[in-house]
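First up is the structure itself, then whatever we jot down about it.
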Amino acid sequence: MKFKMVAAIIILILFTNVANPFFIIKNEKSDIVKQYDAPIRRECKNIMAIGNATSGNYTLLLKVRDPARQGYQVLCSIPKGYEYNYHRPWTGLKIHFRVSHKFIGTTTKGDEPPNITKPGMLLSDAGLAFSDADTLYYLVNPTRHAWDDFDWMRYAAQSADNIEEAVSMLEDVVTKMHASSVAENIFVAEANKGAIIEGDAFNFKVRYIKNGVEIQSNYPKMLWKEHIIYPLFVASNFNSKFTGWIRAGQKINLGSITGIYITAINNNSIIARMYPFGLWEGIHLGEGKPIGNFWIELKDIKNNEAKIFVCYKYFMWEEKLKEIVMKRYGNIDLKDMINWSRIHSADLGGLRGICQGGYEAATIYKISSKYANLLSSLWFAADQCSSIFIPVHICDVDIYDAYENGEASEIALKLLQKYGHGNLTNLCEKVEDDIISETMKAEEKAEQLIENGSKEEAITLLTLSDIKMQMNAIAIEKTWLGK
């Protein structure tokens with residue numbers, strides 16, 4: 000009995016979707032707009048399409064950020080040659096850095112120079128994009144000098160010339176420095192290759208892909224066994240499944256100490272809960288539903304027995320998203336990524352939505368195989384459900400102030416408060432179609448200028464085109480607010 004109580008407390012702390020006291024990171028520089036404060040869920044989502052999955056010679060990477068460091072989400076451009084001091088991860092001794100590759104990050108207002116920039120996702124002029132999602136594990140650097148996930152990505156992005164160098168530097172953070180204060184999934188993308196990394200302060204695994212689609216959120220797969228919380232409290236493997244006939248009063252587990260308990264079987268439904276504790280849920284024939292850490296489907300009922308399917312809920316989350324994404328395989332483009340960023344929980348059977356609210360922000364990276372250091376771009380929405388995606392090319396010499404000072408994020412939050420989720424989507428899409436069309440024309444002209452030796456003219460063209468789109472988007476959003 001005592002063991003069950005202890006297990007229940009541990010599971011409640013570790014696996015609920017409310018703010019986790021072990022996970023809260025105080026951001027003293029972002030104490031703004033209290034009326035928008037939301038629980039820190041740390042629910043980041045990543046979708047990468049690469050090689051023959053996309054409609055052109057480019058890679059696409061979507062990151063939806065639910066920031067631990069709450070506040071307005073802004074774009075922050077760090078130029079090549081920028082210098083700053085930071086601390087070593089164990090001793091705290093000063094270390095000096097000089098940025099070798101310009102990068103543009105999505106970060107929380109206040110996490111930009113003169114403070115240390117803390118991007119949750121970023122694009123460098125080496126044609127590399129980085130994004131991440133925290134995972135739950137405590138094999139980390141325990142000191143106050145530990146590096147967080149933002150430090151980890153910035154360290155590689157500011158210096159790496161290619162994806163191999165980026166992965167090597169990310170690995171050094173683990174195997175040589177043991178620096179990280181948090182376990183991570185990190186996506187790294189370039190025009191012709193992608194890497195999925197899982198690591199903590201002592202474990203590091205990487206998987207490369209040249210063709211395909213990858214989807215992942217805040218859980219391990221390669222490090223499932225090493226991160227023992229998951230096999231102990233969820234399932235023996237990420238993709239563990241059960242399909243079979245059960246009676247009322249029976250328990251089903253996937254190799255862990257938790258599972259599903261079937262309370263009652265009716266004519267066309269069952270009542271189930273997570274054990275050793277959990278709330279009762281009714282599931283009708285043909286229906287699936289998340290219960291605790293699990294996904295359960297009712298397949299059939301015969302002779303007081305129910306045929307059910309059970310798996311880890313994020314395994315099913317990936318499967319449902321893949322059903323949507325794979326329909327576009329071979330033709331995936333920027334518009335698809337925009338659409339997928341707006342998928343809500345109801346679209347996924349009650350599982351985690353890509354769009355959830357709060358201080359959430361989305362950035363899509365489009366990495367060109369041709370002139371990646373100039374034509375690669377990011378498409379940013381301060382909140383993808385209430386704001387318009389706008390372009391910024393890595394070569395741009397300026398970004399419209401509203402996207403750097405938090406105004407765009409403030410407008411997006413007010414729009415979300417006013418209109419709710421999904422009610423501005425059609426309006427946003429119409430504007431975005433025009434922006435995408437105009438941007439593609441500007442890119443074609445810029446490519447011609449580059450090929451003719453007029454690189455500076457191409458940079459000016461893209462900068463002015465992007466700022467025009469950014470200004471128009473803000474102006475339109477203000478009209479929606481009634482300003």
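Taking numbering that gives the first Met the number 0 as reference, the numbering of the sequence shown is continuous, increasing by one, and the terminal residue is 482. Heads up, the beta-carbon is just placed ideally off N, CA and C, and yes, glycines get one too.
> Could you give the distance in angstroms between the alpha-carbon of Ala125 and the alpha-carbon of Lys312?
Replying inline: Distance between the alpha carbons of Ala125 and Lys312 is about 37 angstroms.
> Since Asp465 is in the alpha helix (DSSP H), which residue starts that stretch and which ends it?
Replying inline: Taken as a continuous stretch (DSSP letters only), the alpha helix (DSSP H) holding Asp465 covers Lys454 to Leu480.
> What residues in its chain sit with their C-beta under 8 angstroms from that of Val139, if we drop five residues either side in the sequence?
Replying inline: Ala145, Ser179, Ser180, Val181, Ala182, Asp199 and Ala200.
> Between Leu122 and Phe149, which are expected to be in contact by the criterion C-beta below 8 angstroms, what is the C-beta distance as a whole number of angstroms?
Replying inline: About 15 angstroms; that fails the 8 angstroms criterion.
> Do you know whose CA, among Tyr136, Pro112, Tyr364 and Lys306, lies nearest Leu127's CA?
Replying inline: For Leu127, the nearest C-alpha among the options comes from Tyr364.
>> Closest to Val396 by C-alpha separation, out of Lys444, Tyr418, Glu409 and Ala457, would be which residue?
In response: Nearest C-alpha to Val396 among Lys444, Tyr418, Glu409 and Ala457: Ala457.
> Pro141: buried (16+ other C-beta within 10 angstroms of its C-beta) or exposed?
Replying inline: Flag for Pro141 reads exposed.
> Is the CB-CB distance between Leu222 and Asn236 below 8 angstroms?
Replying inline: When the beta-carbon positions are compared, Leu222 and Asn236 stay at least 8 angstroms from each other.
> Which partner residues of Ala188 appear in the DSSP bridge assignment?
Replying inline: Paired residues: Ala128 and Gly193.
> For Met273, which residues of its own chain have a beta-carbon under 8 angstroms away from its beta-carbon, when the five flanking residues on both sides are left out?
Replying inline: Closer than 8 angstroms at the Cβ level, and outside the excluded window around Met273, lie Thr257, Gly258, Ile259, Tyr260, Ile290, Gly291, Asn292 and Phe293.
>> Suppose only complete runs of 4+ residues qualify. What are the alpha helix (DSSP H) ranges in the region 192-266, listed by chain order?
In response: Assignment of alpha helix (DSSP H) within the region 192-266, counting only whole runs of 4 or more residues, yields 228-232 in chain order.
> At what residue ranges does the region 109-163 contain a whole run of the alpha helix (DSSP H), taking only runs of 4 or more?
Replying inline: For the region 109-163, the continuous alpha helix (DSSP H) assignments of 4+ residues that do not extend past its boundaries occur at 148-156, in sequence order.
> Is Tyr328 helix, strand or coil by DSSP?
Replying inline: In the three-state reduction of the DSSP assignment, Tyr328 falls in the coil class.
> How close, in whole Å, do the beta carbons of Thr105 and Gly119 come, if the pair is a contact with beta carbons under 8 angstroms?
Replying inline: In this structure Thr105 touches Gly119 by the C-beta definition: roughly 6 angstroms separates them, less than 8 angstroms.
> If you draw a straight line from the alpha carbon of Tyr207 to that of Glu197, how long is it in whole angstroms?
Replying inline: Near 12 angstroms, if we compare the C-alpha coordinates of Glu197 and Tyr207.
> For Glu183, which of helix, strand or coil comes out of DSSP?
Replying inline: Strand at Glu183.
> When DSSP labels each residue in this structure, what does Asn84 get in the three-state scheme?
Replying inline: Residue state, collapsed to three classes: strand.
> Ordered along the chain, which non-local residues of its own chain (more than five positions away) have a Cβ less than 6 angstroms from that of Ser158?
Replying inline: For Ser158, where only same-chain residues beyond five positions count, the Cβ hits under 6 angstroms are Ser99.
>> If I measure Cβ to Cβ from Arg97 and keep anything under 6 angstroms in the same chain, skipping five residues before and after, which residues do I get?
In response: Excluding positions up to five away in sequence, the list reads Glu82.
> Between the region 456-473 and the region 385-395, are three or more C-beta pairs nearer than 8 angstroms?
Replying inline: Enough Cβ pairs lie closer than 8 angstroms, so yes.
>> Going by the DSSP bridge assignment, what does Leu297 pair with across the sheet?
In response: Leu297 is bridged to Ile307.
> Is the Cβ-Cβ distance between Phe320 and Lys417 less than 8 angstroms?
Replying inline: Going by the sequence as given, residue 320 is Leu instead of Phe. For Leu320 and Lys417, no; Cβs fall outside 8 angstroms.
>> Am I right that Leu297 and Leu278 are in contact with their C-beta atoms under 8 angstroms? What's the rounded C-beta distance?
In response: In fact, because the Cβ distance is near 17 angstroms, the residues do not count as touching under 8 angstroms.
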